[in-house]
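To start, the structure under review is shown below, and the notes come after it.
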Amino acid sequence: MTTIKEQPTLSRCGKIAAVVVLLCLNCTRAEAHLVTTGLGPVYDGIAHLALSPADLAVVMVLTLLAAMRGPRPGRWLLALLPASWLLGNLTGLMFPINASLAWATGVSFLLAGALVAADRNLPLPVVAMLAAVIGAFHGFLTGAALARTSSTALELTGTLVALIVVVTLVAGLVVSIKAYWARVAVRVLGSWIAATGLLMIGWSLRAGN
Amino acid sequence: MRPKSQNSKMTSHNAIVWIVLLAALAAPSRAWAHVQTGEVGGFVSGFHHPISGWDHVLAMVAVGLWGSQLGAPAMWLLPVTFPMVMALGGMMGLLGIPLPGVEFGIAFSAIVLGAMVLAEKRPSLWVAAVVVGIFAIFHGHAHGTELPAGQSGLLYSMGFVIATGCLHGVGIGIGLIHRWAAGRVILRVAGATVAVAGIFFLYSAFK
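From first to last, the protein sequence lines are chains A and B. According to our numbering, the first sequence holds residues -13 to 195 in order. According to our numbering, the second sequence holds residues 4 to 210 in order.
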């Protein structure tokens, strides 16, 4: 049998790692409000939420706030947040504004994050009201941004589906937390979001928006 | 030893992988080497900022070490409160609100926190929180003053806060050796090292 000298080959993990590194080096900026996945408007809407750190963070922190109080507030949030978000979306689409209102986003981060960090036993109506107001506000900003693009109702549907999935997963995770350290970790996360909000307020006041 | 057909199959497979990798590299994308006008550097820049100076790194790790020595609830309370107080200082710096003696405050933070770890001091919880909070203002203000101008600092701020939190986590993680006798000695040595570094920072601030 004819044989040849064995050649060195890349391992499977090595190949995957090389591809990942090269793709990371080759990345471009994420354009949250101009994103097109090429897979249609529903996926564009899903990608919109996934690539908007401000929206994602506020959904996360509101979910943490509700779910830390137990399953009932968590269930309420699952219905209330998408509804208020959609209401805000529609309002933003109908009455778009050009201002980014970054300071108000910072205030919402600060408020919700500080409440998570404090871990106080807030009554359900207070949690629900906060979620509704902050959700409607961020939905309004998203709607106003989408109004500047050729967005469709399907994109909004995609965003809402993504939002419901995030709320469900995060709430399920937080409600099931039993360990003391895990609850502290959630509080630390809240304090980080509150701190980010404070810095955002500083940024926006310095920039004058 | 492989048959020739199998070996040539593998070679062609590798060739395809390398072609894909080279194609990925060759695909054009813009290089953003500098901070753009009206933008900030993003998450990575924000994350890098707190870990780029030894004064901040040592003080943050010392907070975690001290928290570990104090035990619960201080171990958890300090990392929860510190980022918010530091961000308050950062906001003051961003808004241009002056805070005299910032460099001295930072140097003293390393000295005091290092000394606390060295002496294994156990003050009441509120005293520990106030001490750490005061120093957090100085650290936050210094960073806020140095942050680049921009319209929206969301990702930068996130990176900045998370990096600081991670430094606390490193301190707490190291501080877990406190449960062993040898570990307690090592922690005190670490506290002494931080305090000595603080004296060096103080000397540098005077120069």
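Each residue gets a CB set at the ideal place from its N, CA and C atoms; glycine is no exception. None of these values were measured; they are calculated from a predicted model.
Status (buried if at least 16 other CB within 10 Å, exposed otherwise) for residue i
i              : result
R134 (chain A) : exposed
N75 (chain A)  : buried
F141 (chain B) : buried
P76 (chain B)  : exposed
E149 (chain B) : exposed
I109 (chain B) : buried
F126 (chain A) : buried
G194 (chain A) : exposed
L51 (chain A)  : buried
R55 (chain A)  : buried
G26 (chain A)  : exposed
L64 (chain A)  : buried
W79 (chain B)  : buried
V151 (chain A) : exposed
I83 (chain A)  : exposed
A3 (chain A)   : exposed
H51 (chain B)  : exposed
Separation of residue j from residue i, as counted between CA atoms
i                : j              : result
A103 (chain A)   : R173 (chain A) : 4 Å
L48 (chain A)    : R58 (chain A)  : 14 Å
R169 (chain A)   : I163 (chain A) : 7 Å
T154 (chain A)   : F95 (chain A)  : 20 Å
T(-11) (chain A) : M161 (chain B) : In this prediction, T(-11) (chain A) has a pLDDT of 48, which is less than 50 and means its spatial position is unreliable; what the coordinates show is noted afterwards. Near 58 Å, if we compare the C-alpha coordinates of M161 (chain B) and T(-11) (chain A).
F107 (chain B)   : L205 (chain B) : 6 Å
A208 (chain B)   : W89 (chain A)  : 35 Å
Q72 (chain B)    : H181 (chain B) : 7 Å
G56 (chain B)    : G99 (chain A)  : 28 Å
Residue i and residue j closer than 8 Å at C-beta
i              : j              : result
W71 (chain A)  : V164 (chain B) : no
V197 (chain B) : L61 (chain B)  : yes
D30 (chain A)  : E141 (chain A) : yes
L68 (chain B)  : G178 (chain B) : yes
V45 (chain A)  : L149 (chain A) : yes
A157 (chain A) : A33 (chain A)  : no
For residue i, the three-state DSSP class (helix, strand or coil)
i              : result
E141 (chain A) : helix
D105 (chain A) : coil
M63 (chain B)  : helix
A16 (chain A)  : Note that A16 (chain A) has pLDDT 47, beneath the 50 cutoff, so the model's placement of it is unreliable and no number is given.
R173 (chain A) : helix
M119 (chain B) : helix
F81 (chain A)  : coil
M161 (chain B) : helix
A133 (chain A) : helix
S162 (chain A) : coil
Query raised in the report: Is the segment 96 to 105 of chain B touching the segment 184 to 201 of chain B in the sense that three or more CB pairs, one from each, lie closer than 8 Å?
Result: no
**Report entry** Members of the segment 156 to 173 of chain A near chain D, C-beta cut-off 7 Å
**Finding:** Chain labels in this structure do not include chain D; the protein chains are A and B.
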